[in-house]
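Asks: Residue numbers (my numbering): 16 to 192.
For every residue, glycine included, the Cβ atom is placed at its ideal position computed from N, Cα and C.
Given the structure is predicted, the values throughout are model-derived calculations rather than measurements.
What follows is a single structure, and I will ask about it in a moment.
So this is what it looks like as structure tokens:
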């Protein structure tokens, strides 16, 4: 059976239409994806090296028809890393628009022992814990996916290290070519 995306408008609201996953959408149509930044109590981030691009990245996934953003996040973490995380560990930190996607950015935080054992799927070569500074350096060297919103994540983790509990920017338009 073909998996479907819910088609969203520019405000991230469902239009009532669907399209097969990986369909090229019309201008003004969007589908939802999730990006999950998993961090421990020290602010280090669990990153993964993907087989497809030989790059380090975070957990990303498209939501499918009638699936919530949080459900897509937990489903893909279970699929890629073998981790069954409690939804109480998750916090939605931003929602941005990029090309044909509405991206919900989630943080999943907890003690490092909550993120073991990691059981890798065939799409993932390796995982490691990295500081925000290490990730920024990896992105500069083209070893980490250079997400358009990395500056927002830098702000978020900088605030977390200072003890500031805050959300990032909601519905920021991050147009890319």
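Could you pull out every residue in the same chain whose Cβ sits closer than 8 Å to the Cβ of residue 19, ignoring the five residues on either side in sequence?
Replies: Stepping through the chain shown from its first residue, residue 19 is reached at position 4. Same-chain partners within the cutoff: 33, 34, 35, 36, 79, 80.
Asks: Are at least three pairs of beta-carbons, each pair with one atom in the stretch 132-147 and one in the stretch 61-71, less than 8 Å apart?
Replies: The answer is yes - the stretch 61-71 touches the stretch 132-147, with three or more Cβ pairs under 8 Å.
Asks: Grab me the residues of residue 160's own chain with a C-beta within less than 6 Å of its C-beta, minus the 5 sequence neighbours each way, in chain order.
Replies: By 1-based counting over the chain shown, the position of residue 160 is 145. So the list reads 70, 72, once near-sequence residues are dropped.
Asks: Relative to the C-alpha of residue 129, which residue among 22, 23, 54, 21 is closest?
Replies: Against the chain shown, residue 129 aligns to sequence position 114. Per the Cα distances, 54.
Asks: Leaving out five residues on either side along the sequence, give the residues of the same chain with a beta carbon under 8 Å from the beta carbon of residue 86.
Replies: Mapped onto the chain shown, residue 86 falls at position 71. Within the same chain, residue 86 has close Cβ partners 78.
Asks: Going by C-alpha to C-alpha distance, which of 31, 56, 27, 67 sits closest to residue 15?
Replies: The requested residue 15 is not part of the displayed model; the chain covers only 16 to 192.
Asks: Leaving out five residues on either side along the sequence, give the residues of the same chain with a beta carbon under 7 Å from the beta carbon of residue 133.
Replies: Working through the chain shown from its first residue, we reach residue 133 at position 118. Within the same chain, residue 133 has close Cβ partners 96, 97, 98, 142.
Asks: Can you list, in chain order, the residues of its chain with a C-beta nearer than 6 Å to that of residue 75? Leave out the 5 residues immediately preceding and following it.
Replies: In the chain shown, the residue the question calls residue 75 occupies position 60. Here the set comprises 50.
Asks: What's the gap between the Cα of residue 92 and the Cα of residue 172?
Replies: Residue mapping note: residue 92 aligns to position 77 of the chain shown, counting from 1. Residue mapping note: residue 172 aligns to position 157 of the chain shown, counting from 1. Answer to the nearest angstrom: the Cα atoms are 21 Å apart.
Asks: How many angstroms separate the CA atom of residue 120 from the CA atom of residue 158?
Replies: Locating residue 120 in the chain shown gives position 105, where the first residue counts as 1. Locating residue 158 in the chain shown gives position 143, where the first residue counts as 1. Straight-line Cα distance between these residues: approximately 21 Å.
Asks: Please classify residue 131: is it buried, with 16 or more other beta-carbons within 10 angstroms of its beta-carbon, or exposed?
Replies: Locating residue 131 in the chain shown gives position 116, counting from the first residue. So residue 131 counts as exposed.
Asks: Would you please state the rounded distance, in angstroms, between the beta carbons of residue 100 and residue 67? I believe it to be under 8 Å.
Replies: As a first step, residue 100 must be located in the chain shown, where it is residue number 85. As a first step, residue 67 must be located in the chain shown, where it is residue number 52. About 23 Å separates the two Cβ atoms, so there is no contact after all.
Asks: Kindly indicate the opening and closing residues of the alpha helix (DSSP H) around residue 84.
Replies: What you label residue 84 is simply residue 69 of the chain shown in a count that begins at 1. From DSSP, the alpha helix (DSSP H) with residue 84 extends over 84-96.
Asks: Got a sec? Which residues, its chain only, sit under 6 Å from residue 88 by beta carbon, not counting five neighbours each side?
Replies: Position 73 of the chain shown, counted from the first residue, corresponds to residue 88. These residues qualify, in order along the chain: 49, 51, 121.
Asks: Between which two residues does the alpha helix (DSSP H) carrying residue 152 extend?
Replies: Within the chain shown, residue 152 is the residue found at index 137, counting from 1. That run of the alpha helix (DSSP H) goes 147-155.
Asks: Can you determine whether any heavy atom of the ligand ATP sits closer than 7 Å to the C-beta of residue 171, and answer yes or no?
Replies: Only the bare structure without any ligand can be found here, which leaves the ligand ATP out of the picture.
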